[in-house]
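Below: one structure, written as structure tokens.
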Amino acid sequence: MALKTEDIKRVKGEGFLLNRGTECFNGRIITENGTLTARQMICAGQAAEKFGNGTVAFTTRMTLELPGIPYEKIPELQAFLAQEGMVTGGTGAKVRPIIVCKGSTCVFGLYDTQGLAKELHQLYYEGYHGVSLPHKFKIGVGGCPNNCVKPDLNDIGVVGQRVLTYDPEMCRTCKVCQVEKSCPVGAATLPEGEKLVISEENCNRCGRCVESCPFGALIGAGTLYKVYLGGRWGKKVRIGTPLSRLFTRAEVIALVEKAILLFKREGLPGERFGQTVERLGLPQTEALLYSDELLKQKAELLAQ
Ligand code: SF4
Ligand code: SF4
Ligand code: SF4
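Numbered per our numbering, the sequence shown spans residues 1 to 304.
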């Protein structure tokens, strides 16, 4: 059977990528937030044996691919995966599967990364699935400034931040400062005979020092989120531009939607979001993201 170009294109839109030199496909399974249940793993393995070549490949964006799927088996495979609530997809000029670190359980994690990623997945991967954008749009969710999943190389990236409250009045100028000792980047220093100093510039808000002061001079005051815009990695590299302030979880969720709408409204065909941000400039980009203008235009923008 000779496959037609339009058939190859159509199934690509459903997450099936042609295996080079064959008429079979890699079926891409979405994991929502980088995790699968044990039953879903078993189902994916069984699907690989039943429909593919018996292997499962893990992609860099936390999806699974089953190679060797014959074209005519695609609907049957999709129905098989649906038994465990799994779908294929993750291609095209639209919101792509979210990548997320294991911050929900990691000792350095500052919040429930997988919970946030799942919410973003439902709202913007599923919710915006039918929305065409100027190019692909990637979202990265990281639990702390260790940046294991490189959120700043995504079109929008989120990094957990621990806010500190430091009261110099409480500092007793100890011989050995536990805060200074616990800071991995040298942002907390105790100049001789003086009180602890925290460098705003060098502190990455990892929160490792929280509760290390036995006299309570330094305490954690909750989690906020740093957001990077317009990162990319590939043929061209751009480190995302950090927005000028930190955000709450609810603000992050709204911000991601506004960023997608901004890309839809302002992006030129074929350009990545970083180029759109550079063209508009950060002040105008931030002004749009901090207002409700884009949300008010949502219905109109999505109708285009
Ligand atoms: S980025 Fe931080 S929270 Fe996430 S896996 Fe790495 S160390 Fe853990
Ligand atoms: S911050 Fe705490 S541990 Fe460090 S010198 Fe001051 S009182 Fe001592
Ligand atoms: S939050 Fe992290 S970087 Fe900042 S002072 Fe504490 S340990 Fe150092």
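Ideal placement from N, C-alpha and C gives every residue a C-beta, glycine not left out.
Task: Arg10 versus Glu211: straight-line alpha-carbon distance, rounded - done: One alpha carbon belongs to Arg10, the other to Glu211, and they sit about 55 Å apart.
Open item on the list: Less than 7 Å between the C-beta atoms of Thr88 and Gly127, yes or no?
Closed with: no
Open item on the list: Looking at ligand 2, does it come within less than 6 Å of Val179, judged from the CB to the closest heavy atom?
Closed with: yes
- [ ] Would you please state the rounded distance, in angstroms, between the beta carbons of Gly193 and Thr173? I believe it to be under 8 Å.
- [x] Confirmed, Cβ separation roughly 7 Å.
Task: Close beta carbons around Ile219, own chain, < 6 Å, minus the five adjacent residues each side - done: Thr165
TODO: Locate the beta strand (DSSP E) running through Thr223, then write down its first and last residues.
DONE: Leu218 to Leu229
Task: Contained alpha helix (DSSP H) runs [length at least 4] in the stretch 82-162, N- to C-terminal order - done: 113-120
Task: Rounded straight-line distance, which links the Cα of Thr35 to that of Met62 - done: Approximately 8 Å, taken between the alpha carbons.
- [ ] Report back the beta-carbon spacing between Gly68 and Gly52 to the nearest angstrom; my notes put them in contact at under 8 Å.
- [x] 4 Å
Task: Straight-line gap, Ile239 to Thr55 (C-alpha atoms, nearest Å) - done: When the Cα atoms are used, Ile239 and Thr55 turn out to be separated by approximately 34 Å.
TODO: Counting only the same chain and skipping the five closest in sequence on each side, list residues whose C-beta sits under 7 Å from that of Gly115.
DONE: Ser104
Task: heavy atom of ligand 3 below 6 Å from Cys203 C-beta - done: yes
- [ ] Could you say if the stretch 281-291 and the stretch 149-161 meet the contact criterion of at least three C-beta pairs nearer than 8 Å?
- [x] no
Open item on the list: Using the Cβ count rule (16 or more neighbours within 10 Å means buried), how would you classify Thr113?
Closed with: buried
TODO: For Ile198, name the three-state secondary structure that DSSP assigns.
DONE: strand
Open item on the list: Need the endpoints of the alpha helix (DSSP H) that Leu36 sits in, please.
Closed with: Where Leu36 is concerned, there is no enclosing alpha helix (DSSP H), given that its DSSP letter is neither H nor E.
Open item on the list: Taking the alpha carbon of Asn204 as the reference point, which residue from Cys144, Glu257, Cys213 and Ile260 has its own alpha carbon closest?
Closed with: Cys144
Task: Touch test, the stretch 224-231 against the stretch 270-280, Cβ-Cβ under 8 Å, three pairs minimum - done: yes
Open item on the list: With DSSP as the reference, identify every bridge partner of Tyr166, one or two as the case may be.
Closed with: Leu218
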